[in-house]
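> Supplied in structure tokens, the structure appears directly below.
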Amino acid sequence: RYCRILLEPVHFICNNYQFPPTAVMGAEMTANFEISNWLSSLAYDQWVALPVSGSRPSARYKHAAEVADGQLYITGGSRNGRYLSDIQVLALRSLTWSKPKLHMDQVSDQLVDNSVQEALPATSGHSLVKWGSRLLFLGGHSKELSEVVTVRSIDLETFNCCIMKTSGKEPIARGGQSVTLVGSRLIMFGGEDSSRRLLNDIHILDLETMTWDVAETSQTPPSPRFDHTAAIHANRYLLIFGGCSHSACFSDLHILDLHTLEWSQPHIEGDLVTPRAGHAGITINEDWYLVGGGDNRSGVSDTLMLNMSKLVWSVVTSVEERDPLASEGLTVCSEIVNGEKVLVAFGGYYGKYNNEVYVLRTKPKDLSRPKIFQSPAAAAAAASVTAAYALTSSGERKIDIRKKEDANFQEMEIETSPQDFTVEFNLITAEKKTLESSLTEIRTQNYKFKDDLAEINNNYEDLSKELLSVKGQLEAETSRCVNLEAQISELQNRLESLHSIEDELQVLRNQKSAFERDVEFTTEGTMQKQNSGGVWQWIAGAPRSS
């Protein structure tokens, strides 16, 4: 139900509309290409992928987005389990991406005294709200340890970032909450804290005093949830739709009267609405548009609209299964282009991470022509006026012909008959359509190849990081093996020296045995000499001792 616009230096074709040619190659667009040049020729209520230029942000989901002064701001998000900390800007007139550099404002009187804080920490599941010339960055899951919700401010002129000092009953830190601007107050509902505890509380931040307060509501509130959407109607009613717990997704609608602080769950009419979480919502006048989301099994393909005055659901459009618009964790904003409101969607996850930008031209309310009942007399009068106009026109044509005849006006005969021209023209037109169809098919394949190449590059980057990690582990194991080999070599040397020591010990034992035998032999000889008396004793005739 949507179409892609091919990034080639040729005419773009979408919904039978031929886009103006650009002198671009690849992803670089000419400076004079603007969304307003062709948006008016697009069909209503259909998603269209924009041909953006510049360095695209990395694909992501659970980021936050806001439109200010014709710029789409994207902050944070998550990809492959890693939180992101960048800010990306898309100029909606020139369709060009850029990445401004944030600076920590060290001189602001509203800055928390902590010089080691990052300008924008890696965060996912946070909220972004435009307030004056600033963007307010609230909540979200981050590796930064904080017990309460942190409010950051980004100056859109200087891109200085600071942490706002808040007081009062500050809400516990959380992600997946909804934050809605009502006048000079922010209304925060629900979310999930760092311990995965689900919440359904209401906190209100007064932006003039930067003071938090807890709303003590009555009646039955929505069940605790996160990744829902919220909207404000008539600056009085807070609407909460969808979201999920840890085991189920919701399709219920709850309304909080901000004057009486009473919850209600009204009867809704219109099209059937399925459960969803991680969807995105934006209001245009009395209409609340909801895009994407998932139900724990697949992405939600329909784009919904709730008439908040009549409380009637309707399906605006649908996309194919596993389409980038059927994503969880995407964002949607609105912008006025040539006096028309358009929806701008970015990012999300639908089996893979997405960084495409899509727009939808919303149908104005006055396009539905009212039925006119006409009386017979009015019909007769209209018929007579039509007949009179036809007669007058015919008379004028006759006068023109007579003038030409009076002036001896004659057309020159041409050798080729009009029928031949018609046949040749039809042949050329058919051939042109065939070539355009082939060219469009080739460019579609080319665009698909580019998408595949971009996905391969992303996978290559991820694999490269994993390879570096594995290499680091391998180096550590190699070093460990080298140490073990050195220890083994040392032990082998000791064993070899032990063998030589045993040989020496055996030699000593043999020497000891020989010495002991010599000593024993010497002792026996001495004793024999003492017993015999010797030759002199025999000569002297001395008697032998018995």
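With my numbering applied, the sequence shown closes on residue 579, and no number is skipped along the way.
Glycine is no exception: its CB is placed at the ideal position from the N, C-alpha and C atoms.
For I534, which of helix, strand or coil comes out of DSSP?
Helix.
> Rounded to whole angstroms, how far is the Cβ of M243 from the Cβ of T199, which I believe are closer than 8 angstroms?
So it is a contact: roughly 5 angstroms between Cβ atoms.
> Drop a sphere of 10 angstroms on the beta-carbon of S86, count the other beta-carbons inside from all chains shown, and report buried for 16 or more, exposed for fewer.
Burial call: buried.
> What does the alpha-carbon distance come out to for the pair R93 and K385?
The straight-line gap from Cα to Cα measures roughly 9 angstroms.
> Out of A152, D226 and N233, point me to the one whose CA is closest to M197's CA.
Looking at the Cα atoms, A152 is the closest of the given residues.
> What does a CB cutoff of less than 8 angstroms around L135 pick up in its chain, not counting 5 residues either side in sequence?
Result list for L135: I120, A152, L153, I187, F192, N193 and C194, in chain order.
> Alpha carbon to alpha carbon, what distance is there between L232 and G172?
If you take the alpha carbons of G172 and L232, they lie about 13 angstroms apart.
> Taking contact to mean at least 3 C-beta pairs separated by less than 8 angstroms, is the region 258 to 267 in contact with the region 311 to 331?
Output reads yes: the region 311 to 331 touches the region 258 to 267.
> Specify, as a first and last residue, the run of the beta strand (DSSP E) that L153 falls within.
Neither: L153 is in no beta strand (DSSP E) and is coded neither H nor E.
> How about the region 284 to 299 and the region 355 to 365: do they share at least three Cβ pairs that are nearer than 8 angstroms?
Judged by Cβ distances under 8 angstroms, the region 284 to 299 makes no contact with the region 355 to 365, as fewer than three pairs qualify.
> Expressed to the nearest angstrom, what Euclidean distance is found between the alpha-carbon atoms of E510 and V503?
Those two C-alpha atoms are separated by around 10 angstroms.
> Cutting at 6 angstroms between CB atoms, please list the residues of its own chain near F274, excluding the five before and the five after it.
For F274, where only same-chain residues beyond five positions count, the Cβ hits under 6 angstroms are T262 and L286.
> Comparing C-alpha positions only, which one of G332, L323, D328 and H300 sits nearest to S280?
Among G332, L323, D328 and H300, the Cα nearest to that of S280 belongs to D328.
> Locate the beta strand (DSSP E) running through K176, then write down its first and last residues.
Premise fails: K176 is in no beta strand (DSSP E) and is neither H nor E.
> Near K396, which residues of its chain fall below 8 angstroms by C-beta distance, leaving aside the five closest residues on each side in sequence?
Y77 and D78.
> With a threshold of 7 angstroms on Cβ separation, who are the neighbours of D226 within its own chain once the five nearest residues in sequence on each side are excluded?
Hits under 7 angstroms: I205, A206, R207 and L232.
> Sort out for me which residues DSSP pairs A124 with in a bridge.
A124 pairs with Q104 and T129.
> Between V324 and S512, what straight-line distance do the alpha-carbon atoms span, to the nearest angstrom?
Using only the alpha carbons, I get a separation of about 53 angstroms.
> With S256 as the anchor, note down where its beta strand (DSSP E) starts and where it stops.
No beta strand (DSSP E) holds S256; DSSP gives it neither H nor E.
> Since W296 and P254 should fall inside the 8 angstroms C-beta cutoff, what is the C-beta to C-beta distance between them, to a whole number of angstroms?
Contact holds; Cβ gap of about 5 angstroms.
> How many angstroms separate the CA atom of R476 from the CA atom of F482?
Spanning the two alpha carbons is a distance of roughly 9 angstroms.
> Can you name the start and end residues of the beta strand (DSSP E) that I369 belongs to?
Here the beta strand (DSSP E) through I369 covers T364 to V370.
> Looking only at its chain, what residues have a beta carbon closer than 8 angstroms to the beta carbon of T556, apart from the 5 residues adjacent to it on each side?
Nothing meets the Cβ criterion.
> For Q478, is the classification buried or exposed, using 16 other Cβ atoms within 10 angstroms of its Cβ as the cut-off for buried?
With fewer than 16 other Cβ atoms within 10 Å, it is exposed.
> Measure the alpha-carbon distance for S88 versus S131 and round it to whole angstroms.
Each residue's alpha carbon lies about 7 angstroms from the other.
> Just to confirm my understanding: we take V182, look at its own chain, exclude 5 residues before and 5 after, and list those with CB closer than 7 angstroms. What are they?
Excluding positions up to five away in sequence, the list reads L171, G172, E203, P204, A206 and R207.
> Out of G165, L178 and E302, which one is the CA nearest neighbour of L240?
Checked all of G165, L178 and E302; the closest Cα to L240 is G165.
> Considering only DSSP beta bridges, list what S211 is partnered with.
Beta-bridge pairing links S211 to F222.
> For A519, count the other beta carbons within 10 Å of its own beta carbon; 16 or more makes it buried, fewer makes it exposed. Which is it?
Answer is exposed; the Cβ neighbour count stays below 16.
> Is Y106 near K176, with beta carbons less than 8 angstroms apart?
No, Cβ-Cβ distance for Y106 and K176 is not below 8 angstroms.
> Note down the Cα distance separating V370 from R394, rounded to an integer number of angstroms.
Rounded to whole angstroms, V370 to R394 spans 10 angstroms at the Cα level.
> Whole-angstrom Cβ separation of I220 and L271, contact assumed at under 8 angstroms?
Rounded, the Cβ-Cβ distance is 6 angstroms, consistent with contact.
> If contacts are defined as beta-carbon pairs under 8 angstroms, then L161 and A248 qualify, I think. What distance do you get, rounded to the angstrom?
Actually they are not in contact, since the Cβ atoms of L161 and A248 sit about 22 angstroms apart, beyond 8 angstroms.
> In terms of residues, what are the limits of the beta strand (DSSP E) holding D335?
Here the beta strand (DSSP E) through D335 covers D335 to N340.
> Can you name, in chain order, every residue of its own chain whose Cβ lies under 6 angstroms from the Cβ of M560, other than the five neighbours on each side?
Hits under 6 angstroms: none found.
> Below 8 angstroms CB to CB, which residues in the same chain sit around D356 once its five sequence neighbours on both sides are set aside?
Counting only Cβ-Cβ distances below 8 angstroms, and skipping sequence neighbours, we find Y35, G332, S334 and Y383.
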